[in-house]
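Just so you know, the protein sequences line up as chains A and B, in that order.
Once you know that position 323 of the first sequence is 324 in our numbering, the rest is easy, because the numbers rise by one and skip nothing.
Once you know that position 38 of the second sequence is 295 in our numbering, the rest is easy, because the numbers rise by one and skip nothing.
Beta carbons: idealized from backbone N, C-alpha and C, even for Gly.
Please read the structure below before turning to the comments.
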Amino acid sequence: VQLARVLGLRTVVSTSAGLTFATSCFVAAAQLAAHLLGDAGWIAVLVAGLLSLASAAAFSELSSMYPSSAGLRLYIRQAFGERVAIVFSLFYMLMVTAVVGAEAYVLGRVLAHAVPAVPPFAWIVAVLAVATLVNLRGLKVAGSFQDLITYGMIASLVAISLVGLGRLGWSLPAPFALGGGAKLFQAVSAGIFLFIGFEWVTPLAEEVTGSRLLARGMFVAVGLLSVVYALFTAAMAPWLSNGELRSSPIPHVLFGERLLGGAGMAWMTLTSLGASSTTFNAGLATISRFLYASAREDLLPRALARIDPRRVTPSHAIVAVSLVGLVVSGIVFMTGSYLALVYAGAATESLAWAMAGAVLIALRRKQPSMPRPFKVKAGLLVGAATAVIFGALGIGALTASPGGAAVVGGGLLLCWAHVRWVVPGLKLRAAERRRLAVAARPARRPRPTEAS
Amino acid sequence: MATSRELVESLLDFAERCNGHDQLRVMNRAWERTLRLSVTDHGAALTLLVAGGSVSFQAQPPARYDMELAAESDLFCALFWGEIGPTEPYMDGRLMVKGTQEDLLRLDAITAMIWGE
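Laid out in structure tokens, this is it:
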């Protein structure tokens, strides 16, 4: 007896790696390089990747226990209760929506650089409109197309990195000059952004044959990303000034332009489009479905639970996410504070991984006999290390950007206040609505026990 | 724990309501799926078939299926009788699902439509 359709390792790897690709990642890579004294950005990337493996281990065990697309929300609920789970998952989705807004801004700047006749904000609106339309129509990136995008992106980044390094004579001026432990710590904090979302592949636990396959896929994806981004960061940094690394929203395009002129610019613009397409597709789809499910649970206004009966897509939730993304992009466009969102994203992801580590420990204690098809060796130690290290890196990312700290603090407060004061009212109204709906239904078949 | 008869009655009731809902029949006319319902406290499995917009039920497990729902019998009865929606037990881990996200969303939409929520 088996599921008719199951996914293989290649698609699990390409989905996990593909979910992390974003144009904003090139900004994060440049930020990371700017924190360090010399050309040692690649070391920070590898350290961030190595640490990410610990969180991959935690997610592997948790998703093997609960192979559900409810993901972190469900794991936290089992470990720390409903309220913590709701507040944290709402906060996480809010921050991801903000990152989608930042992504639209950065991609808009890339496209405006390539086609200056069209103003950046028009590009931002166009990009979000296309992403919304694709999601509203329920168009899904098929496994084979996802493979093509992800492996194409990897090949593209490796190729331009090799060209860049080759033009430098295969040597970096100062490849090991970190500038001290504190600088490395800050660089790694920013580097976490490069791995945001690799664990979003865990909903595929409902579509694969075994949890071990999912775990293997995440480990391979993180390893692959570490190598690719380390290579890219090492190749890009020497071609840009420290000012460009610190403050350009299009460092990768400048890198391509310096290397190969117009062809390099076009190459990096196309790479951006590929990277952003996965972000918009996964971001909009994941967040809108989360909003829909939350509305069905009466945690958010009922209007967000509207389904388009023809396409079977959560239409109101998709439009809501796009509008919030557009507002965020607009604010970023007016203030130029996209870096605050990059650091907020890195901090939020670190905190989510720290939470996964804490959940791993709590569930080892609370549910010791629950079947774990994938069990992390020295799980308590791995869980503790994940919680402490990523908690510290999250704080590190926030201290590097006061704007990012304000976004994260404000988001957390907003979600807590929503759950504290708004959700009880929504639940009350829903209970009344349900009572009326039940009263209006035709009588069901009686339970046999009632009939006898 | 619900009895096997209660479970069957709830499924028949659910199928009847689905088949009597015109909008639902139109929505599902191109959605052909075999669902395996694994009743964990009975150690048994049932089949729910959706084809040509109609829902039918078989008392034995399917050989191949597109989606698997696993829960205790009481929960299945409550779900198919519309006493609770599927989202809450899904989010709290009482209802486990194997299948695609799209199918999961459609199943949730079906329950929302037939129970008028």
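Counting only the Cα atoms, A/Ser53 lies some 7 Å from A/Phe196.
In the displayed model, A/Glu200 falls within a helix according to three-state DSSP. For A/Tyr67, the C-beta contacts it makes with chain B under 9 Å involve Gly350 and Met353, in order along the chain. A/Phe177 sits in coil when the DSSP states are folded into three classes, being neither helix nor strand.
Interface with chain B (8 Å Cβ-Cβ cutoff): A/Pro310 is included.
With 16 or more other Cβ atoms inside 10 Å of its own Cβ, A/Phe391 counts as buried.
Contact with chain A is absent for B/Gly309, since none of that chain's Cβ atoms lies less than 8 Å from the residue's Cβ. At a cut-off of 8 Å, the C-beta of A/Ala438 has a neighbouring C-beta in chain B. Along the segment 63 to 91 of chain A, going in chain order, the ones with a CB nearer than 8 Å to a CB of chain B are Tyr67, Pro68, Ser69, Ser70, Ala71, Arg74, Leu75, Arg78, Gln79 and Glu83.
As the crow flies, the alpha-carbon of B/Val312 is around 48 Å from that of A/Val343. Shown here, B/Arg286 sits in coil according to DSSP, grouped into three states, outside any helix or strand. Residue pairing for B/Thr291: DSSP places it in a beta bridge opposite B/Leu306. Distances from the CA of A/Gly346 to each of A/Leu394, A/Gly211 and A/Ala86 were compared; the closest alpha carbon is that of A/Leu394. Rounded to whole angstroms, the gap between the alpha carbons of B/Glu263 and B/Cys334 is 7 Å. Listed by position along chain B, the residues whose Cβ is nearer than 7 Å to that of A/Ala294 are Thr344 and Met348.
Judged by DSSP in its simplified three-state form, B/Gln317 adopts coil rather than helix or strand. In the three-state scheme derived from DSSP, where H, G and I count as helix and E and B as strand, B/Lys355 is classed as strand. Using beta-carbon distances, A/Arg138 does not count as an interface residue toward chain B, since no partner is under 8 Å. Restricting attention to A/Asp148, A/Gln187, A/Arg297 and A/Gly384, the CA atom closest to the CA of A/Val360 is found in A/Gly384. For A/Pro204, a Cβ of chain B is located within less than 8 Å of the residue's own Cβ.
Across the structure, A/Leu226 and A/Ala388 are spaced so that their CA atoms are roughly 22 Å apart.
A/Ala31 counts as buried, since at least 16 other C-beta atoms from the protein chains shown sit within 10 angstroms of its C-beta. The segment 73 to 88 of chain A and the segment 346 to 361 of chain B touch, with no fewer than 3 CB-CB distances between them shorter than 8 Å. Secondary-structure assignment with DSSP links B/Glu273 through no beta bridge to anything. At least one beta carbon of chain A lies nearer than 8 Å to the beta carbon of B/Ala366. At a C-beta separation below 8 Å, A/Arg430 has no neighbours in chain B, since its nearest C-beta there lies roughly 13 Å away. Separation of the CB atoms of B/Met324 and A/Pro310 is rounded to 20 Å, and the pair is thereby denied contact status at 8 Å. At a beta-carbon threshold of 7 Å, the residues of chain A lying near B/Thr357 are Glu208, ordered along the chain.
Taking C-beta separations shorter than 8 Å and ignoring five residues to either side along the sequence, the partners of A/Ala59 in its chain run Trp354, Ala357, Gly358, Val360, Leu361, Val377, Val383, Gly384 and Thr387, following chain order. For A/Glu245, the enclosing alpha helix (DSSP H) stretches over residues Asn243 to Ser248. A/Thr12 has its alpha-carbon roughly 24 Å from the corresponding atom of A/Val313.
With contacts defined as CB atoms closer than 8 Å, B/Thr297 and B/Gln317 fail to qualify as a contacting pair.
Beta-bridge analysis with DSSP links A/Tyr293 to no other residue. Chain-ordered, the chain A residues with CB closer than 9 Å to the CB of B/Arg363 read Ile308 and Val313. For A/Ala406 and A/Thr349, the gap between their C-alpha atoms comes out near 10 Å. If you compare the alpha carbons of B/Ala308, B/Lys355 and B/Asp270 with that of B/Arg293, the shortest gap goes to B/Lys355.
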